[in-house]
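Have a look at the structure below before the remarks.
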Amino acid sequence: VGIAYVKLFGAVYAAILGAPLFYIVSSMPQSCVAGFLCVSLGFGSAAGIQASVVYLFTAELFPTSQRALGFAMSFNVALGIFGGAGGLVAEASLKLCRVGPGVWFSAVSLISAAVLLVGLGQHRRGVLMLAHLRPEPYFGAALARRPKLGAEEQPQATVDTLPPEPMAGTGEAPMVGTGKAPVAEAGSRALRAEPPEDVVLV
Numbered sequence: 001v002g003i004a005y006v007k008l009f010g011a012v013y014a015a016i017l018g019a020p021l022f023y024i025v026s027s028m029p030q031s032c033v034a035g036f037l038c039v040s041l042g043f044g045s046a047a048g049i050q051a052s053v054v055y056l057f058t059a060e061l062f063p064t065s066q067r068a069l070g071f072a073m074s075f076n077v078a079l080g081i082f083g084g085a086g087g088l089v090a091e092a093s094l095k096l097c098r099v100g101p102g103v104w105f106s107a108v109s110l111i112s113a114a115v116l117l118v119g120l121g122q123h124r125r126g127v128l129m130l131a132h133l134r135p136e137p138y139f140g141a142a143l144a145r146r147p148k149l150g151a152e153e154q155p156q157a158t159v160d161t162l163p164p165e166p167m168a169g170t171g172e173a174p175m176v177g178t179g180k181a182p183v184a185e186a187g188s189r190a191l192r193a194e195p196p197e198d199v200v201l202v
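Below, the structure written as structure tokens:
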């Protein structure tokens with residue numbers, strides 16, 4: 001399915017249920033059953049679906065060199081604006097409408113869903129990269145695109161990936177995977193050569 005689609009489903013789910021659930025709670029303030037079903041199951045499930053993937057989704061929006069700063073700025077600014085001001089907006093909205101807090105909850109969720117839809121469309125056309133490492137688990141096979149790694153994310157060459165260099169004097173490369181190298185031909189002939197007859201061995 002992909003993390004992006006889970007986030008999108010949670011945003012749409014919260015946008016649809018926000019105002020109706022708050023209307024039920026405000027209509028039956030003395031009912032414990034209504035409060036439990038609406039607050040714990042309704043709002044709790046909507047918030048839980050989005051919160052289960054928000055950290056992974058936000059972290060993958062930025063390359064590794066900018067991930068900590070980008071995650072901290074985007075997450076905390078959004079949390080401070082919408083979360084910090086949520087109580088004030090909800091209290092002020094009660095003067096305009098009895099279900100004002102529910103409308104605020106639905107409106108913010110609808111904004112999140114719209115932004116996600118635009119981002120998914122840009123990602124599909126290759127205009128915007130939303131996942132810098134692993135697109136498949138985050139967007140599914142339909143929207144998966146292999147990202148082009150930047151200079152700081154290029155895979156480092158290792159001993160196993162380097163091509164074997166030819167041995168000096170032989171023009172031959174070492175045998176990969178055996179740990180052995182061919183003996184130089186000139187050296188092997190010298191080792192096998194017998195001493196001249198006029199040389200007396202002591």
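For the sequence shown, the UniProt record's numbering assigns the number 1 to the initial residue and increments by one for each residue that follows.
No residue lacks a Cβ here, since even glycine has one placed at the ideal position from N, Cα and C.
Values in this document were obtained by computation on a predicted structure and should not be read as measured data.
How long is the line joining the alpha carbons of residue i and residue j, rounded to whole angstroms?
i    : j   : result
L79  : F71 : 12 Å
T158 : F62 : In this predicted model, T158 has a pLDDT of only 48, less than 50, meaning its place in the structure is not dependable enough to derive any value.
G119 : Q30 : 43 Å
A32  : S40 : Checking the sequence shown, residue 32 turns out to be Cys, not Ala. C32 and S40: Cα-Cα distance of roughly 11 Å.
P123 : G2  : A small correction: the amino acid at residue 123 is His; Pro does not occupy that position in the sequence shown. Rounded to whole angstroms, H123 to G2 spans 14 Å at the Cα level.
E60  : A85 : 27 Å
G44  : S65 : 35 Å
Pick out whichever of the options has its Cα sitting closest to the Cα of residue i.
i   : options            : result
V25 : G119, P101, A131   : P101
F75 : S40, T58, Q66, G87 : T58
L56 : G84, A68, Q122     : A68
L94 : A19, L8, I81       : A19
Beta-carbon separation of residue i and residue j under 8 Å?
i    : j    : result
F105 : A4   : no
L17  : A47  : no
L8   : L116 : yes
Suppose the cutoff is 7 Å on Cβ atoms and the five residues either side in sequence are ignored; what does the same chain contact list for residue i look like?
i    : result
S112 : A11
F82  : V108
Residues in its own chain within less than 6 Å of residue i by CB, not counting five upstream and five downstream?
i    : result
V6   : V53
M28  : A34
A142 : Interpretation of A142 is limited by its pLDDT of 46, a score under 50 that renders its predicted location unreliable; the figure taken from the coordinates is listed afterwards. No residues qualify anywhere along the chain.
I49  : G10
For residue i, which residues of its own chain have a beta-carbon under 8 Å away from its beta-carbon, when the five flanking residues on both sides are left out?
i    : result
S188 : For S188, the predicted model reports a pLDDT of 48, less than 50, meaning its position is unreliable; a value from the coordinates is still stated below. Excluding residues within five positions, none has a Cβ falling inside 8 Å.
Y23  : R98, V99, G102
Whole alpha helix (DSSP H) runs in the segment 58–141 with 4 or more residues, listed along the chain? 67–78, 86–93, 100–124, 135–139
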